[in-house]
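Beneath this line is the structure, given in structure tokens, with notes to follow.
Numbering (mature numbering (1 follows the signal peptide of the UniProt record, and there is no 0)), first residue to last: -21 to -1, 1 to 451.
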């Protein structure tokens, strides 16, 4: 079950006319909720299913709720977005602190206060542009659903007066797809691997007041070097090096084994674990949680236009004791400025990640969904809080064209300091596969751990450009 939290997202627009830009947003959002009216609603308890407790559904908001919580708020700020627009009387906004209540349409408390709103927008008018903040209920949608909503909003801003056929989606189609999920009923008697006590608990995430958020940029060429080095390591791994208890799936003749995303996820996990190592007990397990979109994994597949939440979780773990193990037998990779032991550790974690992701198929997804559907209390499933969460949004297309007035956003960000260890691989700015934009990470950690993370040798190496002239 998705956590009972709001997801905050931010789009940054440069604009020549604030008035025209706000008018475009107001008309676009108005058309969007006309096409998808459930976005203005709220999540409430339902009594539609007999013998099921804590079933939730989306209901329309009443007039008083819409008055108190309009679909779009507009707030003005005497700050700028970009550094070159700083003046003696104008300071720059810190993007690391956007989750404060001045910049978001609803508070990000855990759990959220009532009513639990499906979607709300806030246009933050700055001296040099607009920061559009969006909050979405994770019980209703997920990261991919967010990208669909932004894509549809862009289309609505482009042509808000078009009479029909504006969006490739309608409420009846959403209902049909939800029913497709609801009728899943696996005949398999075995429980899915992730329904044990190690994953589901009775406690929800807890707000951590000491957490800070930072963005880290990793050069795409460096990530490719790491990927190739880890694949080379597996091809030339000497006898006696234990990567995992079972390597049956691994065929060393098949390359590449790891993807760039595997490496970025493993790097994030490893460096966060090292940043906390001195404050943790010896031989503790570090646990990684990865959300996985099952829209195309389920058979028949869910439509790419489905906005509803369609993610399952994958857990991975490693014993922190390996950070102290000697790595004398690791084959030399020969990358200037990089310790060979980092390749060993990175390969080991990337293998664990790839191995666990490989089990997510139609059968697995059906078992998980069936287990939840059969439960008598749907609120009995709470995700235990792992050490690290890496949510990969790299493939999402959020840099859409919002029309002649707003144009394309020049930046997208997430700022969320509620939970220690949350991290996101932000969407790629470029659609072209021939030109790779840096991998951008947004990480939330305790202040002391964040300082160590930013000075980690692997982070510093991967953040460096390949030449002194290279900039990203």
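Glycine included, every Cβ here is placed at the ideal spot set by N, Cα and C. Quantities reported herein were computed from a predicted structural model and do not represent experimental measurements.
- In this structure the segment 107 to 123 touches the segment 73 to 90; the number of beta carbon pairs closer than 8 Å is three or more.
- For residue 139, same chain residues with a beta-carbon under 6 Å away, outside a window of 5 residues either side, are 6, 7 and 10 in chain order.
- In the structure shown, residue 339 falls within a coil segment according to DSSP collapsed to helix, strand and coil.
- Annotation for residue 128: the continuous alpha helix (DSSP H) segment containing it runs 122 to 137.
- In the same chain as residue 341, and ignoring 5 residues on each side of it, the C-beta atoms closer than 7 Å to its own belong to 276, 277 and 278, in chain order.
- Residue 266 sits away from residue 304, with the two beta carbons spaced by 9 Å or more.
- In chain order, 352 place their CB closer than 8 Å to the CB of residue 161, counting only its own chain and leaving out the 5 sequence neighbours on each side.
- For residue 200, the three-state secondary structure derived from DSSP is helix.
- The alpha helix (DSSP H) runs lying completely inside the segment 338 to 407 and spanning 4 residues or more are 341 to 353, given in chain order.
- Taken in chain order, the complete beta strand (DSSP E) segments of 3 or more residues contained in the segment 7 to 59 are 21 to 25, 34 to 38 and 51 to 55.
- Counting C-beta pairs closer than 8 Å gives three or more between the segment 415 to 430 and the segment 390 to 405, which meets the contact rule.
- If you draw a straight line from the Cα of residue 302 to the Cα of residue 324, it comes to about 8 Å.
- Residue 300 sits exposed, since fewer than 16 C-beta atoms from the chains shown fall within 10 Å of its C-beta.
- Collapsing the DSSP output to three states places residue 237 in coil.
- Sequence-distant Cβ neighbours of residue 119 in its own chain, meaning closer than 6 Å and more than five residues away, are 97.
- Boundaries cannot be given for residue 88, as no alpha helix (DSSP H) includes it and DSSP labels it neither H nor E.
- Inter-segment contact for the segment 63 to 78 and the segment 377 to 389 is absent: fewer than three beta-carbon pairs are separated by less than 8 Å.
- Apart from sequence neighbours up to five positions away, the residues of its chain that approach residue 390 with a beta-carbon distance below 6 Å are -10, ordered along the chain.
- Residue 272 is bridged by DSSP to 290.
- When secondary structure is reduced to three states using DSSP, residue 298 falls in the strand class.
- Classified as exposed, residue 30 has fewer than 16 neighbouring CB atoms from the shown chains inside 10 Å of its CB.
- Judged by DSSP in its simplified three-state form, residue 194 adopts strand.
- Residue 147 and residue 284 do touch by the CB rule: their CB atoms are close to 5 Å apart, below 8 Å.
- Within the same chain, and ignoring the five residues on either side of residue 263 in sequence, the residues whose Cβ sits closer than 6 Å to its Cβ are 299.
- Relative to residue 200, the option among 415, 334 and 193 whose CA is nearest is 415.
- Just so you know, the alpha carbons of residue 251 and residue 127 end up roughly 31 Å apart.
- Setting aside the 5 residues that flank it on each side, residue 74 is surrounded in the same chain by 392, each with a C-beta closer than 6 Å to its C-beta; the list follows chain order.
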